[in-house]
Structures are given as C-alpha cells and as structure tokens.
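Here the protein sequences line up with chains A and B, keeping their order. According to the UniProt record's numbering, the stretch in the first sequence is residues 1 to 82, in order. According to the UniProt record's numbering, the stretch in the second sequence is residues 1 to 333, in order. Reviewing the structure listed below.
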Amino acid sequence: MAHTENEILAGLAEIVNEETGVATEDVQLAKSFTDDLDIDSISMMTIVVNAEEKFDVRIPDEEVKNLATVGDAVKFIEGAQS
Amino acid sequence: MAVSLKPRPTVPGSQVLAYGAARGDVIVPNDDLIEPINSSDEWIQQRTGIITRTRASKDVGVKDLSLTAAKEAIEASGIELETLDAIIVSTISFPYPTPSLATLLAGELGRPDVIAYDISAACAGFAYGIGQADALVRTGAARHVLVIGAEKLSDFVDPTDRSISFLLGDGAGAAIVGPSDEPKIGPTVWGSDGENWDTIRMTNSLVNFRDGDGPWPTLEQDGRTVFRWAVWHTAKKIREMLEQSGLTVEDIDVFVPHQANMRIVDELAKQLKLPESVVIARDIAETGNTSAASIPLATHRLLAEGAATSGDVLVQFGFGAGLAYAGQVLILP
C-alpha cells in the first residue's frame with residue numbers, strides 16, 4: 001500500500017535521526033539536507049538505502065544529487081511507489 | 001587407450017602461518033594534500049577517518065615494499081625456503097605489465113623456480129590470493145604459498161582529484177599459507193560486478209597517454225555508488241560467507257574489512273550487527289587506503305599490538321575496482 005506524504009516525511013525523519021542524531025521535528029519539507037541539516041554525502045547514501053528498504057522503492061545513485069531538500073526526497077519516494 | 005590419471009595427494013586444510021608488513025617510509029598528513037582539492041584536515045577526517053597515510057619515497061618501489069613484507073612473513077613462519085612452492089602477488093601498481101612482480105620476487109628471494117604470478121583484483125586482491133593459496137595447498141599443488149598484496153598507489157594519484165587520490169597510501173602485506181590437519185581458512189566467497197566495471201577506474205589508458213591523448217592515468221571513483229555497494233552488497237556477502245563457514249557474527253573475534261574509508265568500516269560493522277567484543281581493524285587512520293595491501297597490513301598491526309591473538313576467528317573481506325570482492329574466515333596463527 002502506498003504511503004502518504006506525511007507517512008513518508010515521518011519515516012524519513014526517523015531514518016535521518018537514526019543516522020545523524022538530528023531531531024525528527026527538525027526534518028521538515030523545506031529543509032536542505034546539506035545546508036540546514038548538515039548531512040554529508042556519505043550519510044546521505046545511508047539515508048537513501050534505509051529509505052529504499054523502508055518504503056520499498058529504488059532511488060538510483062544519479063538521482064540522489066537531485067534530492068536537495070527533504071521535500072524533494074519525499075516527492076521522489078511518493079512518485080516511485082508502485 | 002583408456003588410462004587412469006594419478007591424482008596428487010591432497011591435504012585436509014590450509015592455514016595462514018605468519019604475516020609480514022611494509023608501509024611507505026613517508027608519513028603524509030592531511031594538511032599536505034588539502035590545497036589542490038580545496039579541503040581541510042577536518043573535512044578529510046570526518047569523511048574518511050584518515051589522519052595520515054604512508055607513502056613511499058621515489059626510490060622505494062612496490063618491489064622493495066613487497067620484499068620487506070615477504071622476508072618478514074617467511075622468517076616468522078619458520079618454513080624452510082625450499083618448501084615455498086608458489087608466490088602470488090596482487091598489485092595494480094607494479095609499473096611493468098610483464099613480466100610479473102611475483103617472478104621478480106621469486107628471483108630475489110632465492111626461489112626462482114616456483115609457481116609465480118600476479119593477479120589484478122585491486123582491493124579484493126589479497127583475499128583473492130588467499131583463496132587461490134588455500135586451493136593450491138589443499139590440492140597438493142604447493143606446500144607453502146607466499147601471498148602478497150602490494151601497492152605504490154602514489155604513482156597513480158592526481159593531487160587535484162577529490163574522489164579517491166587523497167585516500168591512497170603505499171604498502172605491502174604478506175602471508176604464508178601452508179597445510180593444516182583441519183581447515184583454518186574457510187570457504188572463499190568471491191566474485192565481481194562487470195556491469196560496474198568503470199565505477200572505480202583509471203582516468204586514461206596507457207596507450208592513449210603514449211599517443212598524447214590525455215593525461216597520465218590516475219585513479220578515480222564514483223563515491224556514492226561505491227559506498228552503497230561496499231556497504232550493503234559486502235554485508236550480504238559476509239553473511240553468506242559466515243553461513244558457508246558454519247559460523248555466526250557471535251563467533252567473530254576480529255573483523256578486517258578492506259581499509260577503504262573509515263565510514264565504510266563503521267557502516268559495515270553496523271549493518272552486520274557485530275557484537276561490541278569484536279576487534280575492528282582501523283589501520284586506515286594512519287596508513288590510508290593501500291588497496292590490496294590493506295587487509296594484511298591491518299591484520300599485522302592488530303597482531304603486533306596484541307589486539308588480536310593466535311587462535312582468534314578473523315573475518316577478512318576485500319572489495320574494490322572491478323567491482324571485485326572476496327573474503328574468508330581465518331583462524332589466526
């Protein structure tokens with residue numbers, strides 16, 4: 001069953017918190033992974049792989065660089081759900 | 001005419017008898033490399049865990065590093081030199097495509113008539129070599145095998161490359177593999193991913209360089225793809241390897257993954273859910289990424305410092321360009 005935007009955001013916030021310690025409430029749609037949340041490229045890959053497992057989607061490596069904000073990631077995951 | 005071929009006598013198992021190590025003679029701190037990549041000591045430490053890397057002087061070649069490591073391993077093993085029947089060297093940085101470094105070492109070590117060949121499996125190369133040595137010993141093709149991972153990667157770095165060059169160091173690690181009454185080297189799990197042949201690559205071919213079409217070949221990689229593969233694919237293969245050896249993560253004493261990047265080492269340990277008691281090799285902090293040499297160098301250090309001891313169950317796993325991978329469970333000498 002497809003996840004809603006809010007479910008994806010909540011799930012992603014948990015993953016980000018687990019990897020980086022950033023508080024889940026700080027993981028908001030408009031936040032930039034690098035500039036606001038201070039997430040580096042290696043942590044980003046860990047988040048991506050965990051998100052793939054959690055939401056049963058595939059996020060290609062070449063797509064990761066386009067995911068600048070939390071909102072970009074939520075939108076991509078929402079669209080990639082079968 | 002039907003004939004029956006006489007097989008060689010086989011032996012029940014093989015074991016690593018001793019290790020040897022040689023690191024580059026120059027300690028290179030991050031500060032020496034940051035300017036051309038517009039970086040900082042802090043950035044490199046945070047992204048890679050590397051504080052220094054060891055590199056070899058201009059007059060110290062991959063052969064010299066190999067000989068030092070090999071002599072230590074041979075002496076520590078206590079074997080008679082005439083029972084050394086094979087030399088396998090994994091290297092991507094010996095500057096002669098042929099003849100092999102292994103044959104050069106055979107001559108220098110006073111065993112010019114042995115089986116001797118190089119393998120090209122990059123960072124997986126030492127574990128590829130141990131897999132072959134195990135097979136040679138168990139099938140009776142060789143009594144003792146010298147396996148060496150040796151690199152002078154500093155000859156193939158671009159100071160302005162932000163993908164891999166600043167990680168790389170020089171060194172050689174050696175091991176002597178010999179017979180055992182019971183297996184002390186578990187089944188090798190190995191393979192490659194040819195569809196990602198160019199994920200870790202040279203920037204140019206030697207022929208193009210000769211023709212003036214492009215620069216001296218240096219190493220570069222797609223970091224994101226490598227990180228994903230090196231952690232999640234490798235973790236899966238290590239679980240398979242443990243299963244094939246009849247063990248679980250609870251049985252591991254020492255974990256020596258290829259020293260590619262401390263973040264990969266940490267994430268692998270996390271994915272495998274290694275118990276707190278497992279000693280994890282972190283030689284990369286001081287030695288850098290030495291490709292085929294990294295696993296034996298890290299193991300040698302743990303033994304020398306007493307963090308690992310004889311009889312410990314060691315899991316080693318190499319992964320890198322190719323994308324080739326290989327690993328074994330070993331009982332330490």
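Glycine included, every Cβ here is placed at the ideal spot set by N, Cα and C.
Minimum Cα-Cα distance from Ser205(B) among the listed residues Leu219(B), Asn196(B), Thr199(B) and Glu195(B) corresponds to Leu219(B). One finds Asp61 in chain A with Cβ atoms closer than 7 Å to the Cβ of Thr225(B), taken in chain order. Identification of chain A residues near Glu267(B) by a Cβ-Cβ cut-off of 7 Å yields Thr46, ordered along the chain. DSSP places Glu151(B) within a strand segment (E or B) once states are collapsed to three.
Contacts with chain A (Cβ-Cβ distance below 7 Å) from the stretch 232 to 244 of chain B involve Trp232, listed in chain order. Secondary structure at Arg201(B): strand, using DSSP grouped into helix, strand and coil. The residues Thr188, Trp190, Ala326 and Gln328, in chain order, have a CB closer than 7 Å to that of Gly131(B) in the same chain once the five nearest residues on each side in sequence are set aside. If you compare the alpha carbons of His144(B), Arg239(B), Val26(B) and Ser277(B) with that of Glu82(B), the shortest gap goes to His144(B). Taking the Cβ atoms as the reference, Gly21(A) lies roughly 18 Å from Lys54(A), outside the contact range of under 8 Å.
With fewer than 16 other Cβ atoms from the protein chains shown falling within 10 Å of its own Cβ, Ala304(B) counts as exposed.
When Cβ-Cβ separations below 9 Å define contact, Asn261(B) makes contact with chain A. Here the stretch 87 to 107 of chain B does not lie against the stretch 208 to 216 of chain B, with fewer than 3 beta-carbon pairs under 8 Å apart. Within a 10 Å sphere around the beta-carbon of Ser154(B) sit 16 or more other beta-carbons, which makes this residue buried. Note that the C-beta distance between Leu314(B) and Leu297(B) is not below 9 Å.
The DSSP-derived three-state label of Leu105(B) is helix. In the three-state scheme derived from DSSP, where H, G and I count as helix and E and B as strand, Thr69(A) is classed as strand.
Within the same chain, Cβ atoms closer than 8 Å to the Cβ of Ser14(B) are found at Ala133, Asp134, Val137, Arg138, Val177, Gly178, Pro179, Ser180, Pro183, Lys184 and Ile185, the five residues on either side in sequence being excluded. Taking 9 Å as the threshold, the shortest C-beta distance from Asp222(B) to chain A falls below it.
In its chain, beyond the 5 residues on either side, Ala69, Gly173, Leu297 and His300 have a beta carbon closer than 6 Å to the beta carbon of Ala21(B). Taking the C-beta atoms as reference points, Leu67(A) is found nearer than 9 Å to Met44(A). Here DSSP, grouped into helix, strand and coil, assigns Trp216(B) to coil.
In the structure shown, Phe94(B) adopts coil according to DSSP, grouped into three states. Between Ile42(A) and Arg23(B), the CB-CB gap reaches or exceeds 9 Å. Judged by DSSP in its simplified three-state form, Pro36(B) adopts coil rather than helix or strand.
Under the DSSP assignment, Ala73(B) falls in the alpha helix (DSSP H) whose first and last residues are Val62 to Ser77. Going by DSSP, Gln259(B) is part of no beta strand (DSSP E) at all; its letter is neither H nor E. Between Leu146(B) and Ala86(B), the C-beta spacing is below 9 Å. Around Arg47(B), the beta-carbon contacts reaching into chain A at under 9 Å are Asp40, Ser41 and Ile42. Chain order gives the chain B residues near Val49(A) as Arg228 and Trp232, where near means a beta carbon separation below 7 Å.
Within the model, the alpha-carbon separation for Phe227(B) versus Tyr128(B) is close to 21 Å.
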